[in-house]
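Each remark here refers to the structure printed beneath this line.
2 protein chains.
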Amino acid sequence: MSLESQMIELGKRAKKASYILAGISTEVKNQALLSMARALEERMELILDANQQDMDAGRAKGLSGALLDRLLLTAERIKEMADGLRDLVGLPDPVGEVIKMWTRPNGLRVGRLRVPLGVIGIIYEARPNVTVDAAGLCLKAGNAVILRGGSEALQSNLVLTRVISAAAVSAGIPEGAIQLVPTTDREAANMMMTMNDYIDVLIPRGGAGLINAVTANATVPVLKTGVGNCHTYVDDEADLEMATKIVVNAKTQRPGVCNAMETLLVNEKCAKSFLPAAAAALREKGVELRGCEKVREIIPDCLPASEEDWATEYLDLILAVKVVRDLEEAIDHIHTYGTKHSEAIITNNYQKAMLFVQRVDAAAVFVNASTRFTDGHQFGFGAEIGISTQKLHARGPMGLEELTSTKFVILGDGQIRS
Amino acid sequence: MSLESQMIELGKRAKKASYILAGISTEVKNQALLSMARALEERMELILDANQQDMDAGRAKGLSGALLDRLLLTAERIKEMADGLRDLVGLPDPVGEVIKMWTRPNGLRVGRLRVPLGVIGIIYEARPNVTVDAAGLCLKAGNAVILRGGSEALQSNLVLTRVISAAAVSAGIPEGAIQLVPTTDREAANMMMTMNDYIDVLIPRGGAGLINAVTANATVPVLKTGVGNCHTYVDDEADLEMATKIVVNAKTQRPGVCNAMETLLVNEKCAKSFLPAAAAALREKGVELRGCEKVREIIPDCLPASEEDWATEYLDLILAVKVVRDLEEAIDHIHTYGTKHSEAIITNNYQKAMLFVQRVDAAAVFVNASTRFTDGHQFGFGAEIGISTQKLHARGPMGLEELTSTKFVILGDGQIRS
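So the protein sequences, as listed, match chains A and B. The opening position of the first sequence corresponds to residue 27 in my numbering, with each subsequent residue numbered one higher. The opening position of the second sequence corresponds to residue 27 in my numbering, with each subsequent residue numbered one higher.
Right under this line is the structure:
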């Protein structure tokens, strides 16, 4: 069978499963999640064996230590995946909610019913835990899922999918609800991007390269998860001690993630009082600073920042620092270089805080807190499939509700239009 | 200046305007809508003159009567456009609504604030009234708009945009909030599809060709308005008199629009009692019937339907008719050939009605009513920018709220992540 027919078969099975899934009760979905969790723990040896194959191949291919660590499964990590599935059981099922219902003058009752999206395609990179997390989230929200993981994790993903899919089916979930693209052929991922008849929504999870490729080539609607060039603006009316704590946290608590701060903007009125202490605190955590000229007047041994630095998501212990005239210049800088992810102001001035909240165009806008809080769990959603930086459908951390759509339900007794 | 620099200039102006617009009060937006309405009426001669040029050119090019009628502006039609703008004044402003706000255990307050989408690009065909309708809706929801109308209506659109844009600016709206692409070069529309830095959302309004081209080529997120291959299923437990009235209305009340019925599905148990009377009533309104074999056994002079008929959106007084075994087959048929727009069941059986509502995957699902009600005004939204047939962001008729996004606002007092 050609790759194309294989992919269409996969799509058809997913579509068919999605129609059944849309009508399956919360109880059955929860039982399936528990079965899947149990199966992961029971088949741990099998999973670890498969992962060992991926790890061996990865080492032979010379993957970096960081990549190998992302690829690695351990008994503990498998247990975490299982617990993640169990956590979903306690979350409210978004499907079936009638968001609103009203009656028109002609007696028609019009309502909005929350329904699954249908079939979700997920294209992701090396981490095999995404296979289980994404399958669980999609299932709880009543969606069929087609998973396309990175080639490095193929053996792990194949076994993980087989284990959780079988467990789900035995609990009453239709075959085809959880499927993995069983090949590492790049062409398969490309096909997913245009399978509009079978895939309702695509979610790419990975680096900028993957996300840009999907955005450029997909005709299927995309939920774009995002690159974060995040800023913190320290205003002259800030509590500077609080500002230092927040800045250090936003940069260093976990520098490799999208909600970490990449550029620090400092009001010129407080630059001299704030920057020396802040720089010392950051450097103590191993942060390399790259500053504008005004920063370098205050911190002479600071490296110079180039135009490129303002636009860079370092994902590392590097921070660009710029002195700005005022709030206005800070907002302009954010609009010029930001990626509309997470932006923070540190100030005790009410008007400036409100202006920043209102005017900064980003998924999450913070006052007096670390940008590191942009996260589904931190916001209290209980689960997260990614952080959207687009404005359609979902913006910011996406939980179960973001994996649903709505349909209008219109109940009549013979109404016709005149 | 090259076309590309022109388009980027347009985009930059729109983006800049959108940042200001996001903070403009409802009062100013409403005053602008009233000024725009007044200006349309005051400059009626100018608009009619420009439209006359388009009409002359259209006749010279041999445009069809239907197209010329869509292109034509009259004093009455201009008055209607002005009244449409005035109607928007009375609608609630969606921007600034805090949809929800909650407090996390660490004291962080997390809320969702409704904000404009930013810059909306609209690519549409011959009807110049879209220029005014779309500009008004985008403005009320706080968005800047870049309009790209059909080449046939260029002179009308240029004058309309100049008139309403000047009126808006004089009422305090920033320059660049309402712009028309001032060329009919096809390349300009193509550029809009990939202007991700300047356009947040694209809405194509027109035929399947336009919508497919935008879907295929756009990297900017698209709100896809839809083609409607709509069905009505007449169940054996239907009130057949009601069914006839609804079917006639759904097919004939306005056959050229997307929510008109294109295929009638009839349960085999009531086919003999229902079809002769229904066919007579439809034919009385000039409808041509194309039936499956079972239909033709009952209505011998009915034309035969081909496979293609099941998939066709006629937008005309033609109806495909099929006898089905049961509800199951009806739903399967709808899922095979439907376009997920508007689907109806006529039945008095509660279980079947609920099953249809739950299982049919469409933007609008009707029980005992005409599919012609899928419409923003009919649903009570007061305005409509189009009917979405995709599942992301908006599904079904889109009103002002669908022209907005949200952002998370997080208010802290020094919280850092541990």
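Note that CB positions come from ideal geometry on N, CA and C, so glycine has one too.
Check your understanding: Ordered along the chain, which non-local residues of its own chain (more than five positions away) have a Cβ less than 6 Å from that of ALA307(B)?
Key -> Numbered from its first residue, the second sequence carries residue 307(B) at position 281. Once the five neighbours on either side are set aside, the close Cβ partners of ALA307(B) are THR270, VAL274.
Exercise for review: Quick one: give me the first and last residue of the alpha helix (DSSP H) that ILE46(A) is part of.
Suggested key: As a working mapping, residue 46(A) is identified with position 20 in the first sequence. 29-47 is the extent of the alpha helix (DSSP H) around ILE46(A).
**Study point:** Buried or exposed by the 16-neighbour rule on C-beta atoms within 10 Å, applied to VAL283(B)
**Key:** To locate residue 283(B), count along the second sequence from 1; it is residue 257. With fewer than 16 other Cβ atoms within 10 Å, it is exposed.
Check your understanding: What in chain B is Cβ-close to ILE104(A), meaning under 9 Å?
Key -> Mapped onto the first sequence, residue 104(A) falls at position 78. The premise fails here: ILE104(A) is roughly 26 Å from chain B at the closest Cβ pair, so nothing lies under 9 Å.
Practice item. Output yes or no for whether 8 Å exceeds the beta carbon distance between ILE237(B) and THR251(B). Key: On the second sequence, residue 237(B) is found 211 positions in, with the first residue counted as 1. On the second sequence, residue 251(B) is found 225 positions in, with the first residue counted as 1. Yes, the pair counts as a contact, with Cβ atoms nearer than the cut-off.
Review point. With C-beta atoms as the reference, is GLY408(B) less than 8 Å away from GLY425(B)?
Key: On the second sequence, residue 408(B) is found 382 positions in, with the first residue counted as 1. On the second sequence, residue 425(B) is found 399 positions in, with the first residue counted as 1. It is a contact, given that the beta carbons lie within the stated cut-off.
Point to revise | Secondary structure of THR415(A), DSSP reduced to three states | key: Here the question's residue 415(A) lines up with position 389 in the first sequence. In this structure, THR415(A) counts as coil in the three-state DSSP scheme.
Exercise for review: Measuring alpha carbon to alpha carbon, tell me which of LEU329(A), VAL393(A), THR397(A), THR52(A) ends up nearest GLU263(A).
Suggested key: The residue you call residue 263(A) lines up with position 237 of the first sequence. With distances taken between Cα atoms, GLU263(A) lies closest to VAL393(A).
Point to revise | Sequence-distant residues of its chain with Cβ nearer than 8 Å to GLN78(B) (five each side left out) | key: Residue 78(B) sits at position 52 when you count from the first residue of the second sequence. Nothing listed; no residue qualifies.
Review point. Are the C-beta atoms of SER396(B) and some chain A residue less than 8 Å apart?
Key: What you label residue 396(B) is simply residue 370 of the second sequence in a count that begins at 1. SER396(B) counts as touching chain A.
Exercise for review: Could you please give me the residues that DSSP links to HIS257(B) through a beta bridge?
Suggested key: Your numbering for residue 257(B) matches position 231 in the second sequence. Bridge partners of HIS257(B): THR289(B), GLU369(B).
Practice item. Could you name each continuous alpha helix (DSSP H) segment of 4 residues or more that falls completely within the region 54-131 of chain B, going from the start of the chain to the end? Key: 70-87, 91-97, 101-115
Practice item. Using a Cβ-Cβ cut-off of 8 Å, state whether LYS348(A) counts as contacting chain B. Key: The sequence position of residue 348(A) within the first sequence is 322, counting from 1. Judged by the 8 Å Cβ criterion, LYS348(A) is not in contact with chain B.
Practice item. Have a look at GLY235(A), ASP75(A), ALA170(A) and flag the residue whose alpha-carbon is nearest the alpha-carbon of VAL185(A). Key: The residue you call residue 185(A) lines up with position 159 of the first sequence. Nearest of GLY235(A), ASP75(A), ALA170(A) to VAL185(A), Cα basis: ASP75(A).
**Study point:** Buried versus exposed call for GLN441(A) [16 or more other C-beta atoms within 10 Å across all chains shown]
**Key:** Here residue 441(A) refers to the residue found at position 415 when the first sequence is read from its first residue. Classification for GLN441(A): buried.
**Study point:** Residue range of the beta strand (DSSP E) that includes MET424(A)
**Key:** Position 398 of the first sequence, counting from 1, holds the residue named residue 424(A). Here the beta strand (DSSP E) through MET424(A) covers 422-424.
Practice item. At 9 Å on the CB atoms, spell out the chain B contacts of ALA48(A), in chain order. Key: What you label residue 48(A) is simply residue 22 of the first sequence in a count that begins at 1. Going along chain B in sequence order, the residues near ALA48(A) (Cβ under 9 Å) are GLN384, ARG385, ASP387.
Point to revise | Those residues which DSSP pairs with LEU345(A) across a bridge | key: Position 319 of the first sequence, counting from 1, holds the residue named residue 345(A). Paired residue(s): LEU315(A).
Check your understanding: So, does the CB of LEU437(B) fall closer than 8 Å to a CB anywhere in chain A?
Key -> Taking the second sequence and counting its residues from 1, the one referred to as residue 437(B) is at position 411. It does; some Cβ of chain A falls within 8 Å.
Practice item. State yes or no: is the C-beta of GLY176(A) within less than 8 Å of the C-beta of TYR150(A)? Key: Within the first sequence, the letter at position 150 stands for residue 176(A). Within the first sequence, the letter at position 124 stands for residue 150(A). A contact, by the Cβ cut-off of 8 Å.
Review point. Shorter than 8 Å from the beta carbon of ILE442(B) to some beta carbon of chain A?
Key: Here residue 442(B) refers to the residue found at position 416 of the second sequence. By this cut-off, ILE442(B) is an interface position.
Review point. What separation, rounded to the nearest whole angstrom, lies between the Cα atoms of GLY84(A) and PRO247(B)?
Key: Along the first sequence, read from residue 1 onward, the residue named residue 84(A) stands at position 58. Along the second sequence, read from residue 1 onward, the residue named residue 247(B) stands at position 221. Using only the alpha carbons, I get a separation of about 36 Å.
Review point. Can you tell me the Cα-Cα spacing of THR187(A) and GLU178(A), whole angstroms?
Key: Residue numbering aside, residue 187(A) sits at position 161 when the first sequence is read from its first letter. Residue numbering aside, residue 178(A) sits at position 152 when the first sequence is read from its first letter. Cα-Cα distance, rounded: 15 Å.
Review point. Of the choices PRO120(B), GLN377(B), LEU36(B), whose alpha-carbon is the least far from that of CYS164(B)?
Key: Here residue 164(B) refers to the residue found at position 138 when the second sequence is read from its first residue. With distances taken between Cα atoms, CYS164(B) lies closest to PRO120(B).
Point to revise | Neighbour list for HIS419(B) in chain A, Cβ cutoff strictly below 7 Å | key: Indexing the second sequence from 1 puts residue 419(B) at position 393. Neighbours of HIS419(B) on chain A, chain order: LEU418, HIS419.
Practice item. Please report how far the alpha carbon of ALA215(B) lies from the alpha carbon of ARG174(B), in whole angstroms. Key: Walking along the second sequence from the start, residue 215(B) turns up at place 189. Walking along the second sequence from the start, residue 174(B) turns up at place 148. Rounded to whole angstroms, ALA215(B) to ARG174(B) spans 7 Å at the Cα level.
Check your understanding: Closest to THR241(A) by CA distance: which of GLN416(A), GLY168(A), MET33(A) is it?
Key -> In the first sequence, the residue the question calls residue 241(A) occupies position 215. Ranking GLN416(A), GLY168(A), MET33(A) by Cα distance to THR241(A) puts GLN416(A) first.
Point to revise | Contact with chain A by ASP262(B), beta-carbon distance below 8 Å | key: By one-based count along the second sequence, residue 262(B) stands at place 236. No, ASP262(B) lies away from the interface with chain A (no Cβ there is under 8 Å from its Cβ).
Review point. With which residues is GLY235(A) paired in a DSSP beta bridge?
Key: Against the first sequence, residue 235(A) aligns to sequence position 209. In the DSSP output, where bridge partners are listed per residue, GLY235(A) has none listed.
Review point. Skipping 5 residues on each side, what residues in its chain have a beta carbon closer than 7 Å to that of ASP261(B)?
Key: Locating residue 261(B) in the second sequence gives position 235, counting from the first residue. The answer, listed in chain order, is ASN293, LEU353, ILE371, ILE372, THR373, ASN375, LYS378.
Practice item. Please check if any C-beta of chain B sits within less than 8 Å of the C-beta of TRP336(A). Key: Your numbering for residue 336(A) matches position 310 in the first sequence. Answer no: the Cβ-Cβ gap between TRP336(A) and chain B never drops below 8 Å.
Practice item. Kindly examine the ligand FMN and report whether one of its heavy atoms sits closer than 7 Å to the Cβ of LEU426(A). Key: The ligand content of the structure shown is nil, which means the ligand FMN is not present either.
Check your understanding: Is the beta carbon of GLY37(A) sitting closer than 8 Å to the one on MET219(A)?
Key -> For the purposes of this step, residue 37(A) is taken as residue 11 along the first sequence, with counting starting at 1. For the purposes of this step, residue 219(A) is taken as residue 193 along the first sequence, with counting starting at 1. No, Cβ-Cβ distance for GLY37(A) and MET219(A) is not below 8 Å.
Practice item. Could you run through the region 125-158 of chain B and flag, in chain order, every residue whose CB is less than 7 Å away from some CB of chain A? Key: TRP128, ARG130, LEU134, VAL136, LEU143, GLY144
Review point. Of all the CB atoms in chain B, is at least one closer than 8 Å to the CB of PHE405(A)?
Key: Walking along the first sequence from the start, residue 405(A) turns up at place 379. Yes - at least one Cβ of chain B is within 8 Å of the one on PHE405(A).
**Study point:** Whole-angstrom C-beta distance between ASP358(B) and ALA346(B), which should lie under 8 Å
**Key:** Residue mapping note: residue 346(B) aligns to position 320 of the second sequence, counting from 1. Residue mapping note: residue 358(B) aligns to position 332 of the second sequence, counting from 1. Between ASP358(B) and ALA346(B) the Cβ distance is about 16 Å, and since that is not below 8 Å, they are no contact.
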